[in-house]
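Asker:
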Amino acid sequence: MDDQDYQVSFPVRGSVLDAAELAALTELVGSGQTLSAGSRRTVFERRFAEHVGTRHALSVTSGTVALELAIHLADLRPGDEVVTTPQTFSATIHPLVAHGVRVRFCDVDPASLNIDPTSVEAAVNDRTAAVILVHYGGYPAEMDRIVAAAHRYGAVVIEDCAHALGATWHGRRPGALGDIGCFSFHNSKNITTLGEGGMLTFDRDEWVERIDRIRSNQPDVELGPPRSPGPPPTPLLPWMRFSEEIYGCDYAHVRRPGTNATMSEAAAAVGIVQLDRLAVMTARRRYIANRLDECIGRYAQVRLHHPPAGVGHAYHLYTFFVEAGRATREHLVRELDRRGVEVQLRYFPLHLTPEWRARGHRPGECPVAERLWFDQQINLPCHPAITDAQLDYLVEAVSAALDMTLSPVDSSPPASLVPLTDHTVTPA
Ligand SMILES: *Cc1c(COP(=O)(O)O)cnc(C)c1O
2 MDDQDYQVSF
12 PVRGSVLDAA
22 ELAALTELVG
32 SGQTLSAGSR
42 RTVFERRFAE
52 HVGTRHALSV
62 TSGTVALELA
72 IHLADLRPGD
82 EVVTTPQTFS
92 ATIHPLVAHG
102 VRVRFCDVDP
112 ASLNIDPTSV
122 EAAVNDRTAA
132 VILVHYGGYP
142 AEMDRIVAAA
152 HRYGAVVIED
162 CAHALGATWH
172 GRRPGALGDI
182 GCFSFHNSKN
192 ITTLGEGGML
202 TFDRDEWVER
212 IDRIRSNQPD
222 VELGPPRSPG
232 PPPTPLLPWM
242 RFSEEIYGCD
252 YAHVRRPGTN
262 ATMSEAAAAV
272 GIVQLDRLAV
282 MTARRRYIAN
292 RLDECIGRYA
302 QVRLHHPPAG
312 VGHAYHLYTF
322 FVEAGRATRE
332 HLVRELDRRG
342 VEVQLRYFPL
352 HLTPEWRARG
362 HRPGECPVAE
372 RLWFDQQINL
382 PCHPAITDAQ
392 LDYLVEAVSA
402 ALDMTLSPVD
412 SSPPASLVPL
422 TDHTVTPA
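By the working numbering, the letter at position 275 of the sequence shown is numbered 276, and the numbering carries on one by one without gaps.
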């Protein structure tokens, strides 16, 4: 089926924007104030840090840039190892290609598609510099065991939270569970800063200056000790004195050149409004997911992507698993497509993509991730722009397609269906 023919499709936009975002933009344009690095960015960052529960939140221009900077902060050296998941979008670990490190793909937990804490515990060692994980689809990973395993070896834990805005984990939020969180406000994500944007969240004060320098076109530099008394080896010209600290030092270790990753004021102005709207949009995603779970959970040989008590799913992706095998999954996908329901399969296991195969990674390395992607996973549309009428249609179409392929177990709700967790977060 062509994209435009679907009755219910993946979203053109992942979030809802209306007159409130327009008003924020009108106010900005009329204000005559700066359009770059102004007060709206400061407010957005402060509110974001409060929402996530970290000391700091620094905005950048995309989730990819956030991940690049987080990986940079891990100070990777050739020969280091990085432990990560194969079940994510390629940007999660793309920067590693350039770092000359050994990547250890850990298999995933079949219930969540998140990196399996047991395989993380087995993979970490004294060469491990970082553990990079994703909260797949908005289902938070089992962070206590992962963080404990990483910190035993002094490794930095990087959370890719591109799906996880709105999720909760035992009274806390993704982005505050590891050492550094990376968020995306891309058009497709749970909130957007006018199409592109990203955020880094963390507690460590010493990272603020490093990140701020890089994102504002200065190098990440470690300055040497202050110059010894006496005349400088190279006399400073008058114009150099405005920044004597930098121009007047004898030695500087430049860790990384800077770049411009400044979030625009327009993006930040929209981000503030979107963050206010997040709770309502997350509730809508959960409602849609709950309706789908109720319908799909009535069939044998399916498994829901349903978190345990205390864990609140953000449903960036709605996922379920067909356990009846590859042929049944294919049949179901075709039945859904025929009924105007768009299906996607996210994500092709990363260790089997060309950039990682070229580095020696092979089929069989992560058997669970491979089996689930090739035989079982299905992602259905789930986003706040789905109307009630579309949702009714979606539930009926899914149930009709399942009737064609699987048999119902009984009419009572599935045992795995515990009530959805609320948004409550206990303050740190
Ligand atoms: C979207 C996404 C990114 C990249 O974010 P951008 O803002 O598009 O650069 C990284 N990781 C995951 C898991 C994503 O879904």
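Glycine is no exception: its CB is placed at the ideal position from the N, C-alpha and C atoms. The model shown is predicted, which means the values in this text are computed figures rather than measured ones.
Quick check on this structure: which residue in 105, 251, 153 and 127 has the alpha carbon closest to the alpha carbon of residue 134?
Answerer: If we check each option's Cα against that of residue 134, 105 comes out closest.
Asker: Looking at the C-beta of residue 385, does it have a partner C-beta in chain B at a distance below 7 Å?
Answerer: Judged by its chain identifiers, the structure shown contains no chain B, having just a single protein chain.
Asker: Measure the alpha-carbon distance for residue 378 versus residue 188 and round it to whole angstroms.
Answerer: Distance between the alpha carbons of residue 378 and residue 188: 24 Å.
Asker: For residue 201, which of helix, strand or coil comes out of DSSP?
Answerer: If DSSP states are grouped into helix, strand and coil, residue 201 belongs with the strands.
Asker: Provide the residue(s) that pair with residue 37 in DSSP beta bridges, ordered along the chain.
Answerer: BP columns for residue 37 point to 265.
Asker: Tell me whether the beta-carbon of residue 310 lies closer than 7 Å to the beta-carbon of residue 41.
Answerer: No, these two residues do not count as a Cβ contact at 7 Å.
Asker: Excluding five sequence neighbours on each side, which residues of the same chain lie with their C-beta closer than 8 Å to the C-beta of residue 358?
Answerer: Around residue 358: 352.
Asker: Return the Cβ separation of residue 44 and residue 177 in integer angstroms, given the expectation that the two are a contact with Cβ distance under 8 Å.
Answerer: Rounded, the Cβ-Cβ distance is 19 Å, inconsistent with contact.
Asker: Taking residue 112 as the reference, which of 300, 321 and 251 has the closest Cα?
Answerer: Answer by Cα proximity: 321.
Asker: Could you tell me which residues DSSP puts in a beta bridge with residue 183?
Answerer: According to DSSP, which records beta bridges pairwise, residue 183 is partnered with 161 and 201.
Asker: Could you name the residues of the same chain whose beta carbon sits closer than 7 Å to that of residue 84, not counting the 5 residues immediately before and after it, in chain order?
Answerer: Taken in chain order, the residues that qualify are 105, 107, 121, 124, 125, 129 and 132.
Asker: Mind reading off the beta-carbon distance from residue 138 to residue 306? Whole number of angstroms is fine, and I expect it under 8 Å.
Answerer: Between residue 306 and residue 138 the Cβ distance is about 7 Å, and since that is below 8 Å, they are a contact.
Asker: Should the region 23-43 be regarded as contacting the region 261-270, the criterion being three or more beta carbon pairs within less than 8 Å?
Answerer: The region 23-43 is in contact with the region 261-270.
Asker: Output the distance between the C-alpha atoms of residue 328 and residue 406, rounded to the nearest integer angstrom.
Answerer: When rounded, the distance between both Cα atoms is 10 Å.
Asker: Does the beta carbon of residue 436 fall short of 6 Å from some heavy atom of ligand 1?
Answerer: The question about residue 436 has no answer, for the chain in this structure spans 2 to 429.
Asker: How about residue 106: is its Cβ closer than 6 Å to a heavy atom in ligand 1?
Answerer: No, the beta carbon of residue 106 sits no closer than 6 Å to any heavy atom of ligand 1.
Asker: My output table needs one value for residue 11: the three-state DSSP class, helix, strand or coil.
Answerer: Three-state result, residue 11: coil.
Asker: Return the CA-CA distance between residue 28 and residue 350, expressed in angstroms with no decimal places.
Answerer: Going by the C-alpha atoms only, they are around 45 Å apart.
Asker: Below 8 Å on the Cβ atoms is my contact criterion, and I expect residue 336 with residue 386 to pass it. Report the Cβ-Cβ distance as a whole number of Å.
Answerer: The pair is not a contact, with the Cβ atoms about 24 Å apart (cut-off 8 Å).
Asker: With a cut-off of 8 Å on the beta carbons, I'd call residue 274 and residue 21 a contact; round off their distance for me.
Answerer: Right, their Cβ atoms sit about 5 Å apart.
Asker: Which runs of the beta strand (DSSP E) at least 3 residues long sit entirely within the region 116-165? Give them in chain order.
Answerer: Runs of the beta strand (DSSP E) inside the region 116-165: 129-135 and 157-161.
Asker: What whole-angstrom Cβ distance do residue 74 and residue 211 have, given they're in contact under 8 Å?
Answerer: Yes, they are in contact, since the Cβ atoms of residue 74 and residue 211 sit about 7 Å apart, within 8 Å.
Asker: CA-CA distance, residue 256 and residue 221?
Answerer: Spanning the two alpha carbons is a distance of roughly 5 Å.
Asker: Taking 6 Å as the line, does the beta carbon of residue 185 fall inside it for any heavy atom of ligand 1?
Answerer: Result yes, Cβ under 6 Å from ligand 1.
Asker: Beta-carbon within less than 8 Å of residue 362's beta-carbon, same chain only, minus the 5 sequence neighbours each way: which residues are those?
Answerer: Excluding sequence neighbours, residue 362 sits near 104, 106, 352 and 353.
Asker: Would DSSP call residue 395 helix, strand or coil?
Answerer: It is helical.
Asker: What is the rounded straight-line gap between the Cα of residue 390 and the Cα of residue 148?
Answerer: The alpha-carbon atoms of residue 390 and residue 148 are separated by roughly 43 Å.
Asker: In whole angstroms, what is the alpha-carbon distance linking residue 193 and residue 142?
Answerer: Each residue's Cα considered, the two are about 23 Å apart.
Asker: Would residue 224 and residue 183 be called neighbours here (beta carbons separated by less than 7 Å)?
Answerer: Taking 7 Å as the Cβ cut-off, residue 224 and residue 183 do not qualify as a contacting pair.
Asker: Please state the DSSP three-state secondary structure of residue 429.
Answerer: Low confidence applies to residue 429: its pLDDT is 41, below 50, so where it sits in the model is not reliable, and the reading given next is rough at best. Coil, per DSSP.
Asker: At a cut-off of 6 Å, is residue 91 close to ligand 3 when judged by its beta-carbon and the heavy atoms of the ligand?
Answerer: With respect to ligand 3, the structure offers nothing, as its ligand set consists of ligand 1.
Asker: Got a sec? Which residues, its chain only, sit under 6 Å from residue 180 by beta carbon, not counting five neighbours each side?
Answerer: Excluding residues within five positions, the ones whose Cβ falls inside 6 Å are 157 and 158.
Asker: How far does the beta strand (DSSP E) with residue 212 in it extend, from its first residue to its last?
Answerer: Residue 212 -> not in any beta strand (DSSP E); alpha helix (DSSP H) instead, spanning 207-216.
Asker: Throw me the rounded Cβ distance for the residue 191 and residue 279 pair, which I believe falls under 8 Å.
Answerer: The Cβ separation is near 7 Å, so the contact holds.
Asker: With DSSP collapsed to three states, give me the class of residue 304.
Answerer: Residue state, collapsed to three classes: strand.
Asker: Can you tell me the Cβ-Cβ gap for residue 348 and residue 90, rounded? I've got them flagged as a contact below 8 Å.
Answerer: Correct: roughly 6 Å between the Cβ atoms.
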